[in-house]
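First up is the structure itself, then whatever we jot down about it.
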Amino acid sequence: QSGVISFVAAIILLMIYMITMYGATPGLIASFGVICNLFFTMGILASLQAVLTLSGVAGIVLSMGMAVDANVLIFERTKEELRLGKSLKSSIADGYKHAFSAIFDSNLTTIITGFILLVYGTGPIKGFATTLIVSILTSFFTAIFITRLIFEAGLNRGKFNNLTFTTRISKNLLTNTRINFLGMRKIGFTVAIAIIVVMVGSLAIRGLNQGIDFSGGRNYVVRFDKPVKPVEISEMLKPAFEGSSLSVITITSDDQVRISTNYRIADQDENIDKEIETKLYEGMKSVLGDASYEEFTENMIQSRQKVGPSIADDIKVGAFWAVILSLIAMALYILLRFRDISFSVGTLASVAFTAFSIIGLYSLLYGILPFSMEMDQSFIAAILTVIGYSVNDTVVVFDRIREVKGLYPKRDRALVINDALNSTLTRTLNTSLSTAIVLLCIFILGGDVIRSFTFAMLFGVIVGTASTLFVATPIAYEIQRRSIAKKAAKEAAAK
97 QSGVISFVAA IILLMIYMIT MYGATPGLIA SFGVICNLFF TMGILASLQA
147 VLTLSGVAGI VLSMGMAVDA NVLIFERTKE ELRLGKSLKS SIADGYKHAF
197 SAIFDSNLTT IITGFILLVY GTGPIKGFAT TLIVSILTSF FTAIFITRLI
247 FEAGLNRGKF NNLTFTTRIS KNLLTNTRIN FLGMRKIGFT VAIAIIVVMV
297 GSLAIRGLNQ GIDFSGGRNY VVRFDKPVKP VEISEMLKPA FEGSSLSVIT
347 ITSDDQVRIS TNYRIADQDE NIDKEIETKL YEGMKSVLGD ASYEEFTENM
397 IQSRQKVGPS IADDIKVGAF WAVILSLIAM ALYILLRFRD ISFSVGTLAS
447 VAFTAFSIIG LYSLLYGILP FSMEMDQSFI AAILTVIGYS VNDTVVVFDR
497 IREVKGLYPK RDRALVINDA LNSTLTRTLN TSLSTAIVLL CIFILGGDVI
547 RSFTFAMLFG VIVGTASTLF VATPIAYEIQ RRSIAKKAAK EAAAK
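What follows is the structure, given as structure tokens:
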């Protein structure tokens, strides 16, 4: 129910946002594309007989934000073409044409992340990965094909002749900016290093709050005589398991929950199981009715499962390799796509910084914020998704740098890069804001189970956007500047 509410709220807010930024007609066409994306995604998942988990819901809602991202890229490029004095029809055609490579690259990088999650994830993570891949493919189709058909049909009938893709609010927003981003690179590097130092200190002193996936633990499936709310059960049991990880989720029906805890998982005492079951019985007495301890353990506990530390270590190693391989895959793809090692190194540094910042934040704030901040497979899924997503913005900037460099090969490289950053600033703002709106909807309305997951992604989108501007691009510039200087020195020596 929370997932459905977050769906509806996200769609409404995205529609309002797109209409506010680009006008009623483009905004509604983009929103129609998002609704088509949802329809196709649900149809494909149904045909695959896929189970829709809460993390899967998050995957669909995230893809809604990314579908809007594609429209933002197209609309912003169309606005640029209109400013050059082109006709509306040719501006829209060129907008789709020039935005295609950035949309293709950003979608492909996210799909690469999805496949890595499929290989290394288990359970809900595989569900999230499947949903993410399907919805990204359908969003690409709807953004590139369906919305274009609508624009072309309208133009051919003379109905869209007055479109400007601007409103009073967005008409002069961030146009003709002259921000010297590269001039601020030392400040950016200093802030990034300071954040890394703080995060390393927190990891060394506080460590991470490891969930059952990584620490091991016990799972108990309990059936009640009446429907219960997992959140209320969790609140009842928290005092008994203070200092340990505790998770309560609904299983198959409202009267059945799975309770998971890593309480004393490393101890070998034979009486621990009895101690935990006693704590469960005492903690939930108010909802157990007249059931005795024996009735509770024999009839109401449907199953018991123990995940030992050795199995948890295997999951931890798999998660580690998933993150590392994802980073390497992104860097290799950027190298293959742009044929420039500076872009690849800049991307790797940026996404690594973003991923590390999320991990460090969870070390810094667990036990402080009023929701679970555990290191588990869902958390790893959030990091990997952010890695895939943060590359999107970097790809857009690098794509523009390559374009400007091709048009003006002799222009000063710092000027080329600053122009590219300024000309894509509106896209950067709008793509990040549209995704942040969607994630905020899930965070507020999506329920406690995925609140930590969406918080990690929301923080990652913010850090990833800043990282593109102040880490990825400046590092790429430094490498290119030194390469140009070396080449000039060799040419001078040869003369």
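With our numbering as the guide, the letters of the sequence shown map in order to residues 97 to 591.
Cβ atoms here follow ideal geometry from the backbone N, Cα and C, with glycine treated the same way.
Please read all numbers here as calculations on a predicted model, not as lab measurements.
Rounded to the nearest angstrom, what separates isoleucine 170 and threonine 443 at their Cα positions?
Cα-Cα distance, rounded: 23 angstroms.
In chain order, what residues of the same chain have a beta carbon less than 8 angstroms from the beta carbon of alanine 445, not counting five sequence neighbours either side?
Contacts found: Val567, Ala568, Ile571.
Enumerate in chain order the residues of its own chain whose CB-to-CB distance from alanine 126 is below 7 angstroms, with the five nearest sequence positions on each side excluded.
Hits under 7 angstroms: Met114, Val164, Asn167, Thr243.
Can you tell me whether threonine 263 is helix, strand or coil according to DSSP?
In this structure, threonine 263 counts as coil in the three-state DSSP scheme.
Between the region 278-292 and the region 549-569, do three or more beta carbon pairs fall short of 8 angstroms?
With a cut-off of 8 angstroms, the region 549-569 and the region 278-292 count as touching, because enough Cβ pairs lie within range.
From what residue to what residue does the beta strand (DSSP E) around arginine 319 run?
From DSSP, the beta strand (DSSP E) with arginine 319 extends over 313-319.
Identify the continuous beta strand (DSSP E) that holds lysine 402 and give its terminal residues.
Element bounds for lysine 402: 397-403.
In whole angstroms, what is the alpha-carbon distance linking threonine 238 and glycine 129?
Taking the straight line from one Cα to the other gives about 5 angstroms.
Counting C-beta neighbours from all protein chains within 10 Å, is the total for phenylalanine 135 16 or more, i.e. buried, or is it exposed?
Exposed, by the Cβ-count rule.
Using 8 angstroms as the cut-off, can you tell me whether the region 340-355 makes contact with the region 426-433, which would need three or more C-beta pairs spanning the two stretches below that distance?
The region 340-355 vs the region 426-433: no contact.
Can you pull the DSSP bridge partners for glutamine 343?
This sequence places serine at residue 343; glutamine is not what is there. Answer by DSSP bridge pairing, in chain order: Ser356.
Can you give me the C-alpha to C-alpha distance between alanine 418 and alanine 425, rounded to a whole angstrom?
Rounded to whole angstroms, alanine 418 to alanine 425 spans 10 angstroms at the Cα level.
The alpha helix (DSSP H) that contains leucine 141, what's its start and end?
Where leucine 141 is concerned, the enclosing alpha helix (DSSP H) stretches over 120-143.
Can you check whether the CB of glycine 556 is closer than 8 angstroms to the CB of alanine 477?
The answer is no: Cβ separation not under 8 angstroms.
With 16 as the cutoff for other CB atoms within 10 Å, does alanine 451 come out buried or exposed?
When all chains shown are included, alanine 451 counts as buried.
Please give me, in chain order, every unbroken run of the alpha helix (DSSP H) with length at least 4 that falls completely inside the region 476-535.
Segments of the alpha helix (DSSP H) lying fully in the region 476-535: 509-519.
Assuming contact is defined by CB atoms lying nearer than 8 angstroms, are serine 438 and isoleucine 575 in contact in what I supplied?
Yes, the pair counts as a contact, with Cβ atoms nearer than the cut-off.
Glutamine 473 by DSSP, collapsed to three states: which one?
Glutamine 473 falls in the helix class under three-state DSSP.
According to DSSP, is glutamine 576 part of a helix, a strand, or is it coil?
Three-state result, glutamine 576: helix.
How big is the Cα-Cα spacing for threonine 121 and aspartate 436?
Roughly 40 angstroms between the two C-alpha positions.
Among Asp495, Arg281, Ser187, Ala249, which residue has its Cα nearest to the Cα of arginine 433?
Checking every option, the nearest Cα to that of arginine 433 belongs to Asp495.
Going by C-alpha to C-alpha distance, which of Ile188, Leu536, Leu480 sits closest to phenylalanine 416?
It is Leu480 whose Cα lies nearest to the Cα of phenylalanine 416.
Go through its chain and collect everything with a Cβ distance to leucine 541's Cβ below 7 angstroms, but skip five positions before and after it.
Result list for leucine 541: Ser98, Ile101, Ser102, Ala105, in chain order.
How far does the alpha helix (DSSP H) with tyrosine 462 in it reach, from first residue to last?
Tyrosine 462 -> no alpha helix (DSSP H), and no H or E assigned at all.
Taking three-plus beta-carbon pairs below 8 angstroms as touching, is the region 314-325 in contact with the region 382-395?
The region 314-325, when compared against the region 382-395, does touch it at the 8 angstroms Cβ threshold.
Report, in whole angstroms, the separation of the C-beta atoms of threonine 209 and glycine 484, which I expect to be a contact under 8 angstroms.
About 3 angstroms separates the two Cβ atoms, so the contact holds.
Quick check for students: name the residue ranges of the alpha helix (DSSP H) that lie wholly in the region 154-239, counting only runs of 4 or more.
Correct list: 184-216, 220-237.
For a test of the three-state rule: what should DSSP assign to aspartate 386, helix, strand or coil?
Three-state result, aspartate 386: coil.
For the pair the region 288-308 and the region 464-472, tell me if three or more CB-CB distances fall below 8 angstroms.
The region 288-308 is in contact with the region 464-472.
Between the Cα of isoleucine 240 and the Cα atoms of Thr262, Ala198, Phe449, Met280, which residue gives the shortest distance?
Isoleucine 240 has its Cα closest to that of Ala198, out of Thr262, Ala198, Phe449, Met280.
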